[in-house]
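The sequence shown begins at 49 in the working numbering and counts up one residue at a time.
Heads up, the beta-carbon is just placed ideally off N, CA and C, and yes, glycines get one too.
Predicted, not measured: the structure shown is a model, and the values here were computed from it.
Report on one structure; see the data block that follows.
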Amino acid sequence: MADETEEVEESSGPSFNAEMLKSYLIFAKHAIRAHRAVIGVVVFLGLVLTGLVVKFIPRTYSCTTVLMTVENAVLDGNGGGRPLVGAEGLMMRRENLEQLVKKTDLVHKYQPRRPPLLRTKDRIMAALFGPLDDKTLLAILVPTLENRLAVGAKGDTLEIKVDWNDAATTAELAKAAQDGFLELRHRAEISAFQEKMGILDSHSAKLREEIDALAQQMRASLEAKAADLTKTTGKSGAPTLRSVASFGGSPRPATPSADGVLPELREKLLAAKAKLAAAEGERSSRISQERAKLDELKLHLTPNHPQVITQAERLNAAQDVSSDLALLRSEVSDMEVQVKQRDAMAKTGPLGPSRGGSLGGATVGPTTEMLPADLVRLLESSEIDPALSAQMSGAVVRYASLRDEVRGAKLALDTAQAAFNHRYQVVIPVEEPSKPIKPALPVLAIAGIVLSLLIGFAIPVLLELKRGVLVERWQVEHFQLPVLADLRLPERTDK
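See the structure below:
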C-alpha cells in the first residue's frame with residue numbers, strides 16, 4: 049500500500065510542477081493586465097534614462113600614429129644605425145610628459161573639454177574644496193598622461209597610441225608626442241655635428257682674441273718707434289703717424305680676399321650634396337628591402353625557383369647606379385673641384401701663398417670673421433720684432449686652418465640636417481578619431497532597453513504579491529493554508 053502511494057506521488061510530481069508553472073504565468077499575465085499604466089510609465093522612464101546615459105556617459109577615444117625609420121648613409125655612419133633603441137624610455141620620462149602637457153596647453157583645455165558628467169563633478173568639488181591651481185593640475189595630468197600614452201618600438205617601426213576623453217585632445221596629444229620624438233631624435237643624431245661646430249667655434253674665438261692682442265702689440269711697437277723717430281729727427285724731417293704703416297716698404301696691391309662666386313658655389317654644392325645624400329639613402333633602402341625579400345625566399349624555395357631568380361634580378365637592378373644618380377655624383381665632384389680651386393686662389397691673397405693663410409672668404413660664423421686688412425702691412429713691416437712677427441704669422445696660419453675646418457663642419461652639419469628630413473616616414477598619420485573605443489554605445493542602449501522591459505514587467509507582479517490577496521490556487525498551496533471546501537468553477541473564457 050505504501051509503495052502504491054509513493055508511485056502515485058512520483059507520477060503526479062511532474063504534472064504538479066507544470067501546473068504550478070502555468071499558475072505562475074497566469075498570475076503574471078493577470079498582474080500585467082491590471083497594471084498596464086505602471087508598465088508604460090516604468091518602461092518610458094527606463095528608455096529616457098537609457099538615452100541620457102548613452103548621451104552623457106564619459107567616452108574614451110583612441111588615436112594611433114606609426115613612424116618608420118629609413119636607412120641613411122649619412123646618419124648611420126655617425127653611430128645612429130638604431131634610432132628606435134630606447135624610444136619608449138625617452139618618451140615616457142616625466143620631463144617629456146610635462147613638455148607634452150605644456151605644448152598642448154592641456155592645463156587650460158582640460159576642464160572645458162571634460163565630459164559633462166565629469167565636469168559637473170569637478171564643479172561640485174571646486175565649490176566644496178576650492179578650484180585647483182595650474183601647478184596642482186599639472187601634477188595630476190602628468191601621471192594621467194603616463195597611463196594613457198603607449199609607445200612601442202618593433203623593428204623599424206614606432207607606434208604611438210593615446211587614449212583620452214575627447215577626440216580633439218587625443219589627436220593633439222598624439223601629434224605632440226610624434227613631434228616630440230622627432231625633436232629628441234634630431235637632437236641626438238645631430239648633436240655630434242653641433243658639438244664639433246661648437247668646439248671649432250670656441251677655438252676660433254680664442255685664436256682670434258690672440259691675433260687681436262698680437263696686432264695691438266705690433267701697432268703699439270710701431271707707434272713707439274715712430275714717436276722716437278720724431279724726437280730724433282726734429283720737425284723738418286719727421287714722419288707723421290700716417291706714414292707709420294709704410295715702414296716696411298710700399299704695400300702690395302690689394303687683391304680681392306675672396307672670389308665673389310665662391311659663396312654661391314658653396315651653397316650650390318651644399319644643396320647638391322643634400323640631394324645626393326637623399327638619393328643614396330633611398331638607393332640603400334631599396335637594396336636592403338630587395339635583399340631581405342631574396343633572403344626570405346631562399347629560406348622556403350630552391351635557388352632555381354622562378355621567384356628566387358626574379359627577385360635576384362630585382363636586387364641586381366636595384367644595385368645598378370641609375371643615370372640620374374651618376375650624373376648627380378659627377379656634378380658634386382665637379383663642384384668640389386671648383387670650390388677647392390677657387391678656395392686656393394682666395395688663399396693667395398694679401399698674405400701671399402708663402403703665408404699659408406686665408407684672410408678673406410665668406411663669413412662662416414660669428415667667430416670666423418675676416419682679419420683686419422692692416423695685418424698685411426704689419427706683417428710686412430721691417431720695424432716689427434721678428435719674434436712677434438713670427439708669432440703673428442703662425443697664429444694667422446692656424447686661424448686660416450680653423451676657418452677651413454669650420455666650413456667643413458658646417459657643410460657636414462647642413463648635410464646631416466638635410467638627411468634627417470628623410471630619416472623618418474609617417475606610415476599612419478595622426479587623425480582625429482570619430483568614434484569612441486569604449487563604452488560600446490549600441491550594446492549599452494540594447495542593455496538599457498532590455499532592462500527597462502524586465503523592470504516594467506516585474507513591478508506589476510511585485511505589486512500583486514504585496515497586496516496579500518489570494519487570487520490563485522497555487523497561492524493557497526504555496527502557503528499551505530487549510531482548505532474548507534474545494535469549489536470547481538467553470539473555466540473563464542476571455543472575449
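Measure the C-alpha to C-alpha separation of residue i and residue j and round it to an integer number of angstroms.
{"i": "Arg-141", "j": "Gly-496", "result": "43 Å"}
{"i": "Ser-252", "j": "Arg-451", "result": "8 Å"}
{"i": "Leu-255", "j": "Thr-278", "result": "35 Å"}
{"i": "Leu-165", "j": "Ile-105", "result": "7 Å"}
{"i": "Val-101", "j": "Glu-479", "result": "27 Å"}
{"i": "Glu-315", "j": "Thr-112", "result": "40 Å"}
{"i": "Leu-313", "j": "Val-380", "result": "11 Å"}
{"i": "Pro-477", "j": "Leu-324", "result": "27 Å"}
{"i": "Ala-236", "j": "Gly-228", "result": "12 Å"}
{"i": "Phe-468", "j": "Val-454", "result": "21 Å"}
{"i": "Thr-98", "j": "Ala-493", "result": "6 Å"}
{"i": "Lys-183", "j": "Tyr-158", "result": "13 Å"}
{"i": "His-348", "j": "Lys-341", "result": "11 Å"}
{"i": "Gln-232", "j": "Ile-432", "result": "Inspection of the sequence shows that residue 232 is occupied by Leu rather than by Gln. C-alpha separation (whole angstroms): 54 Å."}
{"i": "Arg-162", "j": "Arg-107", "result": "10 Å"}
{"i": "Glu-220", "j": "Ile-208", "result": "12 Å"}
{"i": "Tyr-72", "j": "Ala-82", "result": "15 Å"}
{"i": "Val-387", "j": "Val-149", "result": "48 Å"}
{"i": "Glu-146", "j": "Gln-264", "result": "52 Å"}
{"i": "Val-199", "j": "Leu-511", "result": "57 Å"}
{"i": "Pro-351", "j": "Asp-343", "result": "10 Å"}
{"i": "Ile-74", "j": "Lys-514", "result": "17 Å"}
{"i": "Glu-136", "j": "Ser-250", "result": "35 Å"}
{"i": "Leu-132", "j": "Gly-203", "result": "8 Å"}
{"i": "Ser-336", "j": "Ser-110", "result": "34 Å"}
{"i": "Ala-222", "j": "Arg-331", "result": "31 Å"}
{"i": "Ala-275", "j": "Ala-268", "result": "11 Å"}
{"i": "Ser-370", "j": "Asp-382", "result": "18 Å"}
{"i": "Val-96", "j": "Lys-103", "result": "11 Å"}
Sort out for me which residues DSSP pairs residue i with in a bridge.
{"i": "Gly-200", "result": "Glu-207"}
{"i": "Met-116", "result": "Thr-205, Gln-473"}
{"i": "Lys-486", "result": "Thr-108"}
Considering just the uninterrupted stretch of the alpha helix (DSSP H) at residue i, what are its terminal residues?
{"i": "Thr-463", "result": "434-468"}
{"i": "Pro-508", "result": "489-515"}
{"i": "Arg-331", "result": "310-348"}
{"i": "Lys-150", "result": "142-151"}
{"i": "Arg-362", "result": "354-367"}
{"i": "Gly-137", "result": "135-139"}
{"i": "Asp-170", "result": "164-177"}
{"i": "Leu-154", "result": "154-157"}
Between residue i and chain B, is any beta-carbon pair separated by less than 7 Å?
{"i": "Glu-361", "result": "No chain B is present in this structure, which holds just one protein chain."}
Assuming residue i contacts residue j (C-beta within less than 8 Å), just tell me the rounded distance between them.
{"i": "Leu-138", "j": "Met-266", "result": "Actually they do not touch by this definition, with Cβ atoms about 53 Å apart."}
{"i": "Ala-448", "j": "Ile-259", "result": "Going by Cβ atoms, the distance from Ala-448 to Ile-259 rounds to 11 Å, so no, they are not a contact pair."}
{"i": "Leu-345", "j": "Val-356", "result": "5 Å"}
{"i": "Ala-224", "j": "Lys-151", "result": "5 Å"}
{"i": "Val-475", "j": "Thr-205", "result": "7 Å"}
{"i": "Val-155", "j": "Leu-186", "result": "6 Å"}
{"i": "Ala-464", "j": "Phe-241", "result": "5 Å"}
{"i": "Leu-262", "j": "Gln-439", "result": "6 Å"}
{"i": "His-234", "j": "Ala-326", "result": "Incorrect: roughly 16 Å between the Cβ atoms, too far for contact."}
{"i": "Glu-384", "j": "Gln-359", "result": "Going by Cβ atoms, the distance from Glu-384 to Gln-359 rounds to 37 Å, so no, they are not a contact pair."}
{"i": "Leu-310", "j": "Tyr-472", "result": "Rounded, the Cβ-Cβ distance is 35 Å, inconsistent with contact."}
{"i": "Pro-508", "j": "Val-86", "result": "6 Å"}
Should the segment 365-377 be regarded as contacting the segment 313-324, the criterion being three or more beta carbon pairs within less than 8 Å? yes
Are the segment 171-179 and the segment 99-119 touching, with three or more C-beta to C-beta distances below 8 Å? no
Flag this pair as touching only if the segment 453-468 and the segment 235-254 have three or more C-beta atom pairs under 8 Å; answer yes or no. Counting Cβ pairs under 8 Å, three or more are found: they touch.
Please determine if the segment 504-517 and the segment 83-94 are in contact, where contact requires at least 3 C-beta pairs separated by less than 8 Å. yes
Is it true that the segment 471-491 meets the segment 67-87, where meeting means three or more beta-carbon pairs spaced less than 8 Å apart? Short answer: they don't touch.
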